[in-house]
Amino acid sequence: MSATLHGTITNSDGVQLNHNIVVRFFTPSTDTEVHKSAAVSDASGNFYVYDAPAGTYDVGIKPQGALSNLVASKTFTEGNTTDVAFGDVRFGDLTFDDAVTAADRGVLLNHWGIGGDCYGYAGDWLLPQCPSPPPPGGACYGYVIS
Ligand SMILES: [Ca+2]
7 MSATLHGTIT NSDGVQLNHN IVVRFFTPST DTEVHKSAAV SDASGNFYVY DAPAGTYDVG
67 IKPQGALSNL VASKTFTEGN TTDVAFGDVR FGDLTFDDAV TAADRGVLLN HWGIGGDCYG
127 YAGDWLLPQC PSPPPPGGAC YGYVIS
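Each number in this note's numbering comes from the position in the sequence shown (counting from 1) with 6 added on.
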């Protein structure tokens with residue numbers, strides 16, 4: 007049995023909150039990674055990690071295309087859910103180096119003013135994955151049980 011992380015994200019820029027998110031657990035005040043998982047947030051910014059390790063960790067998230075956010079010293083206990091508010095998602099890291107620089111601007115400008123190949127299909131481009139068991143309330147946006 008392991009612990010559960012219920013994370014929340016917000017976005018004051020008005021961008022949608024459905025994101026593929028990498029979640030990392032660090033020994034407090036270090037860069038020693040103890041565990042790594044992935045989650046998909048729903049339209050309200052909720053996501054769950056069901057295989058969180060028990061103990062106290064600094065927890066970092068990196069939504070795709072955004073900077074990482076870190077919340078220090080959160081405690082997880084087996085069989086229980088710990089709520090963690092990660093705050094605003096800060097978009098702009100298109101080069102996946104956890105910084106927003108001229109390189110990211112260059113990528114954006116290379117594609118400025120054009121649409122994707124699937125023009126007209128806004129659709130759901132999130133990864134069809136969800137940890138088990140699914141959370142209550144359908145937080146596994148984009149996950150279809152097969
Ligand atoms: Ca970058």
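The C-beta atom is built at its ideal place from N, Cα and C for all residues, glycine as well.
Helix, strand or coil at residue i [DSSP, three-state]
i, result
"ARG30", "strand"
"LEU100", "coil"
"THR16", "strand"
"ASN24", "coil"
"ASN116", "helix"
"ALA108", "helix"
"PRO69", "strand"
"ASP94", "strand"
"LEU11", "strand"
"ASN75", "strand"
"ASP123", "coil"
"SER35", "coil"
"ALA45", "strand"
"GLY51", "coil"
"THR83", "coil"
"CYS146", "Because CYS146 sits at a pLDDT of 47, beneath the cut-off of 50, its placement in the model cannot be relied upon, and the following sentence gives the value as read from the coordinates. Three-state result, CYS146: coil."
"ALA60", "coil"
Heavy atom of ligand 1 within 7 Å of residue i beta-carbon
i, result
"ASP99", "yes"
"THR10", "no"
"ALA105", "yes"
Closest Cα partner of residue i within the set the options
i, options, result
"PRO6", "LEU76, GLY119, VAL21, ARG30", "Not covered by the structure: residue 6. The range shown for the chain is 7 to 152."
"LEU76", "ASN26, ASN17, ASP19, VAL95", "VAL95"
"GLY20", "PHE97, GLY71, THR38, HIS12", "PHE97"
"LEU73", "THR62, SER79, ALA105", "ALA105"
"THR38", "GLY93, THR62, THR101", "THR62"
"LEU114", "LEU100, ASP123, CYS124", "LEU100"
"SER35", "VAL65, ASP103, ALA108", "VAL65"
"PHE82", "LEU23, HIS41, GLY93, GLY71", "HIS41"
"THR18", "PHE92, LYS80, GLY126, GLY112", "Checking the displayed sequence, the identity of residue 18 turns out to be Ser instead of Thr. For the residues PHE92, LYS80, GLY126, GLY112, the minimum Cα distance to SER18 belongs to PHE92."
"ARG111", "GLY71, VAL90, GLY122", "GLY71"
"GLY13", "THR33, GLN22, ILE67", "ILE67"
Contact test: residue i Cβ vs ligand 2 heavy atom, cutoff 7 Å
i, result
"ALA109", "Annotation note on ligand 2: not contained in the displayed structure, which lists ligand 1 as its ligands."
Whole-Å CB distance - residue i paired with residue j, under 8 Å assumed
i, j, result
"ILE27", "PRO69", "5 Å"
"ASP57", "SER47", "Contact flag wrong, Cβ pair sits at about 17 Å."
The region 43 to 56 / the region 79 to 86 touching (three or more Cβ pairs under 8 Å): no
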